[in-house]
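Under UniProt numbering, the sequence shown has 727 at position 727, and the numbering climbs by one with no breaks.
We treat Cβ as the ideally placed atom computed from N, Cα and C, and that holds for glycine.
None of the values given here were measured: they were computed from a predicted structure.
Right, one structure below, let's go through it.
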Amino acid sequence: MGWGNIYRRRAKVFTLAMIIYIDYKALQKREKFMKKLKSDALWKKAHERNAKRVFNLMVELEGLWVKLGQYMSSRADVLPSAFISNLKQLQDSLPPRPFEEVCHTIEKELGKSTKELFLDFDENPLATASIAQVHRATLIDGQKVVVKVQHEDIKKIILEVWKLLGVWLLRCCIGKQMFQSLWLFCMPFFLQDLKDAKSIVDWIAWAEPQYNFSPMIDEWCKEAPQELDFNHEAENTRTVSKNLGCTSKYDSNKPINQVDVLIPEVIQSTEKVLILEYMDGIRLNDFESLEACGANNQKIVEEITRAFAHQIYVDGFFNGDPHPGNFLVSKEPPHRPILLDFGLTKRISSSMKQSLAKMFLATAEGDHVALLSSFSEMGLKLRLDFPEQAMDFISVFFRTSTSASEAAEYAKSLGERRARNMKVLQEKMNLSQKEIDAFPGDMVIFSRVIGLLRGLSTTLDARIVYHDVMRPFAESVLQEKIAKGPSENAQWINDTPVHSDVEAKLRQILVELGNDDKILGIQVCAYKDGEVIIDTAAGVLGRYDPRPVQPDSLFPVFSVTKGIAAGMLHWLVDNGKLNLNENIANIWPEFGTNGKNLIKVHHVLNHTSGLQNALANLREENPLLMADWDECLKRIAMSAPDTEPGQEQLYHYLSFGWLCGGIIEHASGKKFQEILEEAIVRPLNIEGELYVGIPPGVESRLASLTLDKDDFSKLSKIASRPELPSTFQPENISQLVTAVPALFNMLNVRRAIIPAANGHCSARALARYYAALVDGGLVPPPHSSLSKPPLGTHPHIPKFPSEITSKKQKGKKSKAAGSASKKKGNGYELKMNHSNDFKDGGESNSDGYTRLANGSAGGSSSDASPPKGFAASENSRQSNAIRIFNNPRIHDEFMGAGEYRNLVLPNGTFGLGFRRFSSSDGSFYGFGHSGMGGSTGFCDIKNRFAIAVTLNKMSLGTATRRIIQFVCSELNIPLPDEYSVLSETAPDEELSIARPLIN
1 MGWGNIYRRR
11 AKVFTLAMII
21 YIDYKALQKR
31 EKFMKKLKSD
41 ALWKKAHERN
51 AKRVFNLMVE
61 LEGLWVKLGQ
71 YMSSRADVLP
81 SAFISNLKQL
91 QDSLPPRPFE
101 EVCHTIEKEL
111 GKSTKELFLD
121 FDENPLATAS
131 IAQVHRATLI
141 DGQKVVVKVQ
151 HEDIKKIILE
161 VWKLLGVWLL
171 RCCIGKQMFQ
181 SLWLFCMPFF
191 LQDLKDAKSI
201 VDWIAWAEPQ
211 YNFSPMIDEW
221 CKEAPQELDF
231 NHEAENTRTV
241 SKNLGCTSKY
251 DSNKPINQVD
261 VLIPEVIQST
271 EKVLILEYMD
281 GIRLNDFESL
291 EACGANNQKI
301 VEEITRAFAH
311 QIYVDGFFNG
321 DPHPGNFLVS
331 KEPPHRPILL
341 DFGLTKRISS
351 SMKQSLAKMF
361 LATAEGDHVA
371 LLSSFSEMGL
381 KLRLDFPEQA
391 MDFISVFFRT
401 STSASEAAEY
411 AKSLGERRAR
421 NMKVLQEKMN
431 LSQKEIDAFP
441 GDMVIFSRVI
451 GLLRGLSTTL
461 DARIVYHDVM
471 RPFAESVLQE
481 KIAKGPSENA
491 QWINDTPVHS
501 DVEAKLRQIL
511 VELGNDDKIL
521 GIQVCAYKDG
531 EVIIDTAAGV
541 LGRYDPRPVQ
551 PDSLFPVFSV
561 TKGIAAGMLH
571 WLVDNGKLNL
581 NENIANIWPE
591 FGTNGKNLIK
601 VHHVLNHTSG
611 LQNALANLRE
621 ENPLLMADWD
631 ECLKRIAMSA
641 PDTEPGQEQL
651 YHYLSFGWLC
661 GGIIEHASGK
671 KFQEILEEAI
681 VRPLNIEGEL
691 YVGIPPGVES
701 RLASLTLDKD
711 DFSKLSKIAS
721 RPELPSTFQP
731 ENISQLVTAV
741 PALFNMLNVR
751 RAIIPAANGH
761 CSARALARYY
771 AALVDGGLVP
781 PPHSSLSKPP
791 LGTHPHIPKF
801 PSEITSKKQK
811 GKKSKAAGSA
821 SKKKGNGYEL
831 KMNHSNDFKD
841 GGESNSDGYT
851 RLANGSAGGS
861 SSDASPPKGF
871 AASENSRQSN
881 AIRIFNNPRI
891 HDEFMGAGEY
901 RNLVLPNGTF
911 GLGFRRFSSS
921 DGSFYGFGHS
931 GMGGSTGFCD
941 IKNRFAIAVT
951 LNKMSLGTAT
961 RRIIQFVCSE
971 LNIPLPDEYS
981 VLSETAPDEE
991 LSIARPLIN
């Protein structure tokens, strides 16, 4: 086959493509002027005649055109039925080659004639396909076999161009660099049939633009030559059979991740002849015979799907060509699938296998973070940073299969929906039609296999729920690595250097908890006397994410975020923008409705505003509304209190965040996240490791949540808690918590501002925050250099609008903000605002921070003053040390002690935004905040101690409690009652639920 033949074949392809295009385009124009019934009939006829045209051309051109036709014939979920019925003949019913040609090939390959090799050889082939045909025969020893014989000239058709180019280049005697350059130029001519195939596909599927087969055709260029060597196919057959544990004996009690299929044994092979064990079976497209023998189509397709899930996820070695012609069904009960033809197989790396499994499970769980992470790991690059579109894009692969009629309608509606979505995005972002920048070859073959399996299920009218059928296999590949806990994984604990003896001992505790399956991924960081003594990361990022936890990994910490929001509000008080005794309606006019005009700022911080159940109905109405910041602020402003302000302390489990957020934005005139950066993140130098609403670009560092089901099953044994609102009692929590991981693993929820429950941080950033608070707002020295990457070195800095321009607030902002600084006449307000308390001792800068000439620590009247050595050690600090708070009584302000005691409910659990810890004499010595699931942060003022724990396996605090108990014991400091347990005489199940960390 020379150049002239190549161009003649190309001319036939493009001519047919143009004919089909004009035919469909003309019909598209005509149907506008005719009734639907007539239009449907004309479309049916058009599909029939064009399907015949395509079939006839593929038969004429042979080779890889037939392979393409086989693939198309299996896509009953995409193509019209006329194409399926015509092209399915290409699977195994092509015109056979002459028997003389078959005998000649066998004798040439095996060195003997058919009469010498076989007792009997059937001249009529069982099947004839694109590359070879199969004959039934009997060996000399009496064994029944099938003989697969390659068509004599098929290699010429496929590879002649390659040979011609090679000879020409060799004759030119060119250098290596020029050879490579010309080869790249001439590569499009190699396997030109595949390149030309794109035009046929484009025109046939013009009505379904969402399907782009170009990457698949490119991948075929690399994979197709493998099918021309039957030695290669023989080895593949043996490998897959061994991997799947194929046996002729049926076992009805196989484990869920085992499969029950048959694969013929390889008897002998050469490059062009393959002899296999004969298995008597029924073709998948022989519907009458399948029905007559009582075969269950649903079970057959499910088992085939399971077999391919095993090959892909467990073995990483799979058949890339599962069209119906490559399967039989055994005639004898239980009618097991028989897998044939392993010429085109794909081997994928362990990392790609894990990425594909992670991608599948992410779609099953709706986990946008894990999905984008899997894309990054496998090299799939989408142009859009829209998690919903990414999920929609991949979910198409794994949607439940449907019948042919339903599939056609679904494909059409899917195309229309995606077109609408893309149009909106293109208009907003000026994007082109291209959605993908890079599509890895392994992913191409994988998507082809999934598409073929879907077409197979549609052909046999089987409904396959892929998320159920394939899940055990995808889970096994990840669980295999994740299950290797501390006892089997030397790298389970991050290999950062140890800071202290306490940390060395703590790591052993973590290993014990990991071996007991109480930890999936965790970070622990602690400061003592201003220095880091613990900074440990261990475990993995998620149930389906075996990447190790790093010191800079970001964990969702739920209500720990309340301690951050409270700190921001106190920062505004400290800077003269807010007054703790201010009526909220004065700074947030919309808030003063429905009986809320008497609610003050300190009521919110003390959980005594009466709005403990506000917006609790979002869980039933639509949980995703929590991600709509403006809508939630609007709703909280219109809510009505259940009780009078200041009368009863009931935990504001969700409303606290929106109340604080609304106050912060209206008092400052800036966005919530802007104040977070200004007040906490930048002065503490923890950029990139503390967010309330993550920005794009940090997804690869996110830990995913999972549930300790055994621990949470004990919630039913917990009696009602008087300090919790009626909508957040243990019986409510047990229902809520099962949905929490899936909801808060969604990327759009993670990106939302939910200051009561949606903080994402590393333990070292959170510990640094509390280390600053324990010293009265004095920023600690730079974080330990042993921790890598260094804290605060992440380049990402979120961008925010400069100011809020609320219509109602405009003109009132300065009045509200100024009200705090002007109220100094009665003596009480002087204690509420301390922006001028350090007038003589420090310098207020334009950036909002106060730098002191003398870096002394903040004091307190709550009998929680620092130890004697503290003052001396602090004299060595730089004279211009940064503080985030100026109030010398800031600890009292946090805990509602001393002169602030009138702002809190006596004997309440909470001070002003923080949970407070008291000594046996009733004095307060520390404060902090825990989150549902076990993450926590707190500090001990007397002992200058701060600690943070972040984890992703949500529990009632079992692991956290053990860690805090151990560290406090080693340092000989008081254990806060929140982390203690009942006596040893209590029943075992009560030990972990006596004081569950559900705040």
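- Here PHE33 is exposed, its C-beta having fewer than 16 other C-beta atoms within 10 Å.
- In its chain, beyond the 5 residues on either side, VAL149, GLN150, GLU152, LYS272 and VAL273 have a beta carbon closer than 8 Å to the beta carbon of THR105.
- VAL396 and VAL329 have their C-alpha atoms roughly 28 Å apart.
- Assignment of beta strand (DSSP E) within the stretch 481-528, counting only whole runs of 3 or more residues, yields 521-528 in chain order.
- Residue environment for ASN907: exposed (fewer than 16 other C-beta atoms within 10 angstroms of its C-beta).
- One thing to note: SER762 has its Cβ within 9 Å of the Cβ of GLN523.
- Per DSSP, the beta bridge partners of HIS760 are PRO556 and TYR691.
- Separation of the CB atoms of GLY316 and VAL560 is rounded to 40 Å, and the pair is thereby denied contact status at 8 Å.
- For LYS144, the enclosing beta strand (DSSP E) has its first and last residue at 144-150.
- Here VAL59 is actually not in contact with LEU87; their C-beta atoms are around 10 Å apart, not less than 8 Å.
- LEU554 counts as buried, since no fewer than 16 other beta carbons sit within 10 angstroms of its beta carbon.
- Following the DSSP letters along the chain, one finds LYS346 inside the beta strand (DSSP E) bounded by residues 345-347.
- By the Cβ rule, the stretch 605-625 counts as touching the stretch 644-662, because three or more pairs are nearer than 8 Å.
- Within the stretch 273-346, the alpha helix (DSSP H) runs of at least 4 residues that lie entirely inside it are, in chain order, 287-292 and 297-309.
- In this structure, the alpha-carbon of ASP367 lies about 5 Å from that of ASN745.
- Partner residues in a beta bridge of LYS358, as assigned by DSSP, do not exist.
- Less than 9 Å separates the beta-carbon of TYR769 from that of ILE680.
- Within the same chain, LEU79, PHE83 and LEU87 come within 7 Å of MET72 by CB-CB distance, once the 5 residues on both sides are set aside.
- VAL967 and ASP501 have their alpha carbons spaced roughly 11 Å apart.
- At a Cβ-Cβ threshold of 9 Å, ALA637 and PHE672 do not count as neighbours.
- Under the three-state reduction of DSSP output, LYS600 falls in the strand class.
- For PHE917, the enclosing beta strand (DSSP E) starts and ends at 915-918.
- For LYS953, the beta-bridge partners assigned by DSSP are THR706.
- Inclusion of SER935 and LEU951 in the CB contact set at 9 Å is warranted, their separation being smaller than that value.
- In the three-state reduction of the DSSP assignment, ASN231 falls in the helix class.
- For PRO623, same chain residues with a beta-carbon under 6 Å away, outside a window of 5 residues either side, are LEU743 in chain order.
- For ASP892, the enclosing alpha helix (DSSP H) starts and ends at 890-895.
- In the three-state reduction of the DSSP assignment, ASP711 falls in the helix class, which pools H, G and I.
- As a beta-bridge residue in DSSP terms, GLU531 pairs with LYS528.
- Excluding five sequence positions before and after ALA51, the CB atoms of its chain that fall closer than 8 Å to its own CB belong to PRO80, ALA82, PHE83, SER85, ASN86 and LEU87, given in chain order.
- In the DSSP secondary-structure assignment, CYS939 is bridged to PHE927 and ALA946.
- Runs of the alpha helix (DSSP H) lying entirely within the stretch 26-55 and spanning at least 4 residues: none are present.
- VAL557 places its beta carbon less than 9 Å from that of GLY937.
- Here ILE312 is not near LEU262, since their CB atoms are 9 Å or more apart.
- For ALA129, there is no enclosing alpha helix (DSSP H), as DSSP gives it neither H nor E.
- Residues of the same chain with a CB within less than 8 Å of the CB of LEU478, apart from the 5 flanking positions on each side, are GLN354, ALA357, LYS358, LEU361, ARG543, TYR544, ASP545 and PRO546 in chain order.
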